[in-house]
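Novice: Below is one structure. I have some questions about it.
Residue numbers (my numbering): 385 to 1136.
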């Protein structure tokens, strides 16, 4: 297209114009990098006409194959195609092949208003550049001047495709900045320009609007001929600190298009140009009307940020580069599954569309326009009837969230969740929401015990907490319930969009959570039992002692019971129920006790017995004597053996009585016998149920003559036993004994 003269200039000031009207490049242009001042770059070639910048920032290598002219456009294309080049003086394979044009030695100028119509490529790493370097006619190669008319893709306050990056590089530093234009610069052609007054100032423009300026008061301003360079660079990872970089999402092909270049210089200004192709004053005084395809240059949303819910209306606005006329009813497709319908603006450069969030919309973290729909009979055209390029309408509105569901209570819980709460007990009630909510004032919860729970915290989150303390005036309630939420004057519960929460979900009954405002009853021992409950227990025997309470109790640590036999019983189980069990094992060191008794309950450090409310149990009821439950730590045993007569000589027919004494009463079953060292035996004759058993033997002629009768053992033939009342078999080892002085002579006695 043909550009209009900028403000302050007329067509008679035009000294250079390039519209790329042919099919090949004009003679002004080289397809490789070159400059009189290296400016820190190392121009490298690969011996076949290519060139690269040889630095840590660029991923591309420039080849003539990527430069083409057609349909009035200069097309510079960067593709993902490795190419061998040189970087830092060493062979290097670049991942991207791109194109560049430079006007070195052919078209150079010192000052003037330069404007270029360019459509920038987009995508991560895309680095389109319009820039000036000292030309062949420059006086020095060490001044390091560089004027960046535009470097696309720089990171800054806005999305990279909206940022305008303008700079002046000098030997004393870099001056300029990055500006968020609010426009997707990759969606359509835009006019990039500088007004350069040598030695005085440089002013940057976008579509005729001033973007930035550097004056001689800030930095040295170039005053020498400079060349123009244009290229679609691609940033490598080394540029990540200030630019998007080449990655897996970068398009495989990115094209930079230029359709017009103009240079204006005022007569008598001292500004110079080499390669001028327009004679000053020869052009018409009225610039030709440009032929511009109408296109979307900007898309905005109102509101621009926040969370929108069902029923909320959003206005979407498309800005065009010229006035357009609408027929029919275009719509916008949105990523929440809804559409925005055309509302107005025909005949202007701005069209508005409206959408109302529906409950069926998809929850979306960032609303986006995904396309423009032109149903049958609908169109968007300029006054010449040219259909608009609508690709620029596609945009994501970061920070504008669609949440079709209003904030609401989704859950109510209580802590504690069960048990009986008494006067003074505190209960925490929690309301969970489907999104974060903000609280103002002091909401309360109505409860079915006649009390209320007061808000204590959680604003800004999805969970609010309330607390209530049981009072003596509360109603006895078998199951506490929230019956409603109260918002006194000035109180509210809303989401970040200001939508009031639906609080109906707060109503809930907490089954198992009882309110008893009467004074709490302490848990207490109501009964103590023993198993076995009667009998005589000996060393090694285990006794289980049980304490029953008037309510369930919880045990921490290891309580014990003191016993009157000098031993203790240790807690074994039952926490959480109304009965606790303790166990004791009779030890040989226990005291013989006719009736075992619990004399007390011990709670060593860290041990406790409490109910669910934390009230300590009254343990006095544990003290009890178990009549009939005897502790005898010693097993029954023979403690003594005696003979009658105790001395003398016994002959055939004489009877000897042998007695065994025990440490407790024993019971005899069957007929035990005693083995004797004269070869005879003594048979049991009596004493069962006492502590002494008697046996008798009669000397027979077959007995062996023995100088001292002895018991050598106790015999328990089948069915015979000697046990105590508990059924414990007696230890009979003590029966073995020699009776010195008691002789057995089996011959007949001689009558004196």
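In this text, a Cβ means the ideal position worked out from N, Cα and C, and glycines have one as well.
How about residue 945 and residue 993: do their beta carbons lie closer than 9 Å?
Specialist: 9 Å or more divides the Cβ of residue 945 from the Cβ of residue 993.
Novice: Output yes or no for whether 9 Å exceeds the beta carbon distance between residue 510 and residue 628.
Specialist: yes
Novice: Compute every distance between the C-beta of residue 598 and the non-hydrogen atoms of the ligand GDP, then say whether any falls below 8 Å.
Specialist: Judged by which ligands are present, the structure shown has none, so any question about the ligand GDP falls away.
Novice: Give the DSSP-derived three-state secondary structure of residue 512 in the structure shown.
Specialist: The answer is strand: DSSP assigns residue 512 an E or B state.
Novice: Which value, in whole angstroms, describes the spacing of the CA atoms of residue 987 and residue 937?
Specialist: 14 Å
Novice: Check residue 686 in the structure and name its three-state DSSP category.
Specialist: strand
Novice: Quick test of your reading: residue 838 and residue 826, contact by CB under 8 Å. State the CB separation rounded to the nearest angstrom.
Specialist: 6 Å
Novice: Could you tell me the alpha carbon to alpha carbon distance between residue 868 and residue 832, rounded to whole angstroms?
Specialist: 9 Å
Novice: Buried or exposed: where does residue 575 fall if 16 or more other Cβ atoms within 10 Å of its Cβ makes it buried?
Specialist: buried
Novice: Touch check for the stretch 921-934 and the stretch 957-971: three-plus C-beta pairs under 8 Å?
Specialist: Cβ pair count under 8 Å is three or more, so yes.
Novice: Does DSSP put residue 555 in a helix, in a strand, or in coil?
Specialist: coil
Novice: Determine the closest residue to residue 612 out of 520, 619, 544, with distance taken between C-alpha atoms.
Specialist: Per the Cα distances, 520.
Novice: Residues in the same chain with beta-carbon distance under 6 Å from residue 424, minus the five sequence neighbours each way, listed in chain order, please.
Specialist: With a pLDDT of 40 at residue 424, under the threshold of 50, the modelled position of this residue cannot be trusted; read the value that follows with caution. No residues qualify anywhere along the chain.
Novice: Is there contact here, the stretch 589-606 with the stretch 616-626, by at least three beta-carbon pairs under 8 Å?
Specialist: No: the two stretches stay apart, fewer than three of their Cβ pairs being nearer than 8 Å.
Novice: Closest by CA to residue 800, which one among 450, 852, 652?
Specialist: 852
Novice: Hey, residue 692 and residue 784: beta-carbon distance below 9 Å or not?
Specialist: yes
Novice: Specify the secondary structure class of residue 1117 as computed by DSSP and reduced to three states.
Specialist: helix
Novice: Where does residue 989 fall in DSSP's three states?
Specialist: coil
Novice: So, is residue 911 buried or exposed, given that buried needs 16 or more other C-beta atoms within 10 angstroms?
Specialist: exposed
Novice: Pull up the distance between the alpha-carbon of residue 1105 and that of residue 1019, whole angstroms please.
Specialist: 15 Å
Novice: Please state whether the Cβ-Cβ distance between residue 487 and residue 387 is less than 9 Å.
Specialist: no
Novice: Taking its Cβ as the centre, do 16 or more other Cβ atoms sit within 10 Å of residue 974, making it buried, or is it exposed?
Specialist: buried
Novice: Rank 933, 1051, 951, 1038 by C-alpha distance to the C-alpha of residue 999 and give the top, closest one.
Specialist: The closest CA to that of residue 999, considering only 933, 1051, 951, 1038, is found on 933.
Novice: Please report the straight-line C-alpha distance between residue 863 and residue 850, rounded to a whole angstrom.
Specialist: 18 Å
Novice: With DSSP collapsed to three states, give me the class of residue 544.
Specialist: helix
Novice: Tell me the DSSP secondary structure of residue 1087 in three-state form.
Specialist: coil
Novice: So, at 7 Å on beta carbons, what are the nonlocal neighbours of residue 539 in its own chain, with the 5 sequence-adjacent residues on each side left out?
Specialist: 626, 627, 628
Novice: Is residue 460 closer than 9 Å to residue 1150 when the C-beta atoms are compared?
Specialist: The chain is shown from 385 up to 1136; residue 1150 falls before or after that span and cannot be answered.
Novice: So, helix, strand or coil for residue 908, using DSSP?
Specialist: If DSSP states are grouped into helix, strand and coil, residue 908 belongs with the strands.
Novice: Report buried or exposed for residue 499, applying the criterion of at least 16 other Cβ atoms within 10 angstroms of its Cβ.
Specialist: buried
Novice: Alpha carbons only, please: which of 645, 457, 1051 is nearest the one belonging to residue 1103?
Specialist: Selected option, being the one with the closest Cα: 1051.
Novice: I need the straight-line Cα distance from residue 1089 to residue 953, nearest angstrom please.
Specialist: 58 Å
Novice: What are the boundary residues of the beta strand (DSSP E) that residue 413 is part of?
Specialist: Looking at the DSSP string, residue 413 is not in any beta strand (DSSP E), and its letter there is neither H nor E.
Novice: Are residue 786 and residue 746 touching if we call contact CB-CB under 9 Å?
Specialist: yes
Novice: For a minimum of 3 consecutive residues, which ranges assigned as the beta strand (DSSP E) are wholly contained in the stretch 835-904?
Specialist: 836-841, 845-853, 864-870, 876-878, 892-894, 897-899
Novice: Might you give, ordered along the chain, the residues of its own chain that have their beta carbon closer than 8 Å to the beta carbon of residue 734, omitting 5 neighbours on each side?
Specialist: Contacts found: 701, 702, 703, 704.
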